[in-house]
Each structure stands twice: as C-alpha cells, then as structure tokens.
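Working notes for the structure below.
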Amino acid sequence: MRVDADAMGRNDGPKKGAGKKKATFYFLLIAGAGFFFPFMAQAVTFPLPSIRIGVEEATGPRDVAIALEVLALLTILTLAPAILVLMTSFTRIVVVFHFLRQAIGIQSSPPNQVVIGLALFMTFFIMKPVWTEVYENALDPYLEDQITYQEAFANAEKPIREFMLVNTREKDLALFIKVAGADKPENRDSVSLLHLIPAFVISELKTAFIIGFVIYVPFLIIDMVVASVLLAMGMMMLPPVMISLPFKLMLFVLVDGWHLIAGSLIRSFAIP
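Once you know that position 77 of the sequence shown is 76 in numbering that gives the first Met the number 0, the rest is easy, because the numbers rise by one and skip nothing.
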C-alpha cells in the first residue's frame, strides 16, 4: 500500500506543475490585458453628437417653411394609427374576424396578434391601388421637389377620399351633413372629410355586422342541433359548446372557411 501511495504521489507531481503553469499564464494574460486596455480606450474615441432644442431667430423664410413641414410631418405620424384604422378597409376586416371567433366559440384562437397581423396585410393588399396613386401623384413628386407640400396633401387626399366615397352609404353621409347643418355638396370633391370619415366608419361597421350575421347562422344551427340531441339523451349537465366545437371546426375546414372569408372580404370593397 505504501508503494502505491508513493506512485500516486509521483504521478500527481507533473499534474500539479502543469496546473501552476496554466494559472500563471492566465494571470499574466489578464494582467497584460488590464495594462493595455486603458491605452486602447484612449486611442479609440467616438464622436458624441450634440443635440440642441431651443427657439432661435430664423435667418429667412425657408427656415420657417422647413420647421412647419417638420411639424406637419410629426402631426401626420401622430395620426397615422387613426388614419389606418378609420380611413381604410381595416375596420371591416378586423370586426368580421372578431365575429368569426365568437361564432366558432374559440375566444383566443387565432391569437389577437395573428388576427391583427392578417387584417393589416389584407388592408395593405386591398389599399394597394390607393397607396400607389398616393405615391405617384403626391409623395414621389414632393420628394423630387416638383410640388409643394400643400399640393402633395391635396393630391394624397383625392384617392383616399374617392375610396371612402365609393364604400360609404349615401344615407350615412347625408346624416352627418344634415346634423352638421352644412349645405349639400355640389359634387364629390366638395364633400368635407369631417362628414365623410364618420359616415365611412359607420358604413363599414354596418357591413361588418351584416357579414358577421351571415357567418353566425351555420354555427348557430350546429349549436341548436347539438343542444337538442343532448337534451333528448338526458345529458343536460354536459355543456353543448364542448360537443359542438369539433363539429364547427370540421365544418369550417371542409368548406375552406379562411379562403371563403378572405375572398369575400376582398371582393366586398369597391376600388375606384
């Protein structure tokens, strides 16, 4: 046993020596890095931008015009969510998707992020001709300094106004014009956006509710049939929704529901 202990002691000697060498090497490496790091930090300097916010005297009319253009741009960016929701096809699409989830009986599937994302991309698809006209007649000429920002706003308003007009019911538009006490517009271009936007929104909501009713009917029939069968079998304590959900999903998949709803929504809009 003594011989084995001595042999083990002799074998541990080289290992301990190697460990000490490694520790010494790492110590010198860290010490060297700590020594050279301050010099490297001083050699590499990054310029820091200065930001000033204040009110100064303008040197010319151009400075005032630039400030007003920036203010107008910030105002548009602030109103961008409202423009996207209230002046495009987004409202009708997202309300119909909400009714679809309610009719099937699944409140959290698809998730809200998926529903909103799909509604946004369908909105971009439907509004593409309108955005193309806005870009070609308003944004691109303005960026090329061919027109002023007042002309750019007027050119951008025309296609959006036309889209809302062709998708707004006349009685809804007449309601807001009458309530406001305004004169009857002579032509389509003289319709005020103050009257057109709320009329367009309530028209979109009415159309979405009509589509939602049509979606509800077949699923409601399934619920009634399942409830009647369970009542006849004496299973009154069993929730009918739990039994009808698989049949609703099967019906929706068999008729290719997403294809039908997406196609119907896209074709329901009139594109000028």
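Glycine included, each C-beta is placed from N, C-alpha and C at the ideal position.
Notebook entry, point to check: Thinking C-beta only, is P158 closer than 8 Å to V178?
Noted result: Sequence index remark: in the sequence shown, residue 178 carries index 179 (1-based). Sequence index remark: in the sequence shown, residue 158 carries index 159 (1-based). For V178 and P158, no; Cβs fall outside 8 Å.
Margin query: So, with DSSP's three-state summary, where would you put Q112?
Written below: As a working note, residue 112 is residue 113 in the sequence shown. Q112 falls in the helix class under three-state DSSP.
Note to self: Please classify K247 as buried or exposed, where buried requires at least 16 other C-beta atoms within 10 Å of its C-beta.
What the structure shows: As a position in the sequence shown, residue 247 is number 248, starting the count at 1. Buried.
Check: Taking the Cβ atom as the reference point for each residue, do A261 and M121 lie within a distance shorter than 8 Å?
Finding: Taking the first residue of the sequence shown as 1, we reach residue 261 at position 262. Taking the first residue of the sequence shown as 1, we reach residue 121 at position 122. Yes.
Next item on the list: Could you work out which residue in I103, M236, V165 and P109 is closest to Y215 when comparing CA atoms only?
Entry: The residue given as residue 215 occupies position 216 in the sequence shown. Checked all of I103, M236, V165 and P109; the closest Cα to Y215 is I103.
Margin query: Helix, strand or coil, according to DSSP, for F268 in the structure here?
Written below: As a working note, residue 268 is residue 269 in the sequence shown. Here F268 carries a coil assignment [DSSP, helix/strand/coil].
Item checked: Beta carbon of H194 nearer than 8 Å to that of L172 -> Counted from its first residue, the sequence shown places residue 194 at position 195. Counted from its first residue, the sequence shown places residue 172 at position 173. Less than 8 Å divides the Cβ of H194 from the Cβ of L172.
Notebook entry, point to check: Is the beta carbon of A81 less than 8 Å from the beta carbon of N166?
Noted result: Sequence index remark: in the sequence shown, residue 81 carries index 82 (1-based). Sequence index remark: in the sequence shown, residue 166 carries index 167 (1-based). Inclusion of A81 and N166 in the CB contact set at 8 Å is not warranted, their separation being larger than that value.
Check: In the structure shown, what three-state DSSP assignment does I146 receive?
Finding: To locate residue 146, count along the sequence shown from 1; it is residue 147. Residue state for I146 is assigned as coil, using DSSP reduced to three classes.
Item checked: Classification of S243 by the beta-carbon crowding that lies within 10 angstroms, buried from 16 upward -> Taking the sequence shown and counting its residues from 1, one reaches residue 243 at position 244. The residue is buried, with at least 16 neighbouring Cβ atoms inside 10 Å.
Notebook entry, point to check: Quick one: is P110 buried, meaning 16 or more other Cβ sit within 10 Å of its Cβ, or exposed?
Noted result: Translated into positions along the sequence shown, residue 110 becomes position 111. Per the 10 Å Cβ criterion, exposed.
Checklist line | Cβ-based burial, T273 [other Cβ within 10 Å; buried from 16] | finding: Because the chain in this structure spans residues 0 to 271, residue 273 falls outside the shown range and cannot be described.
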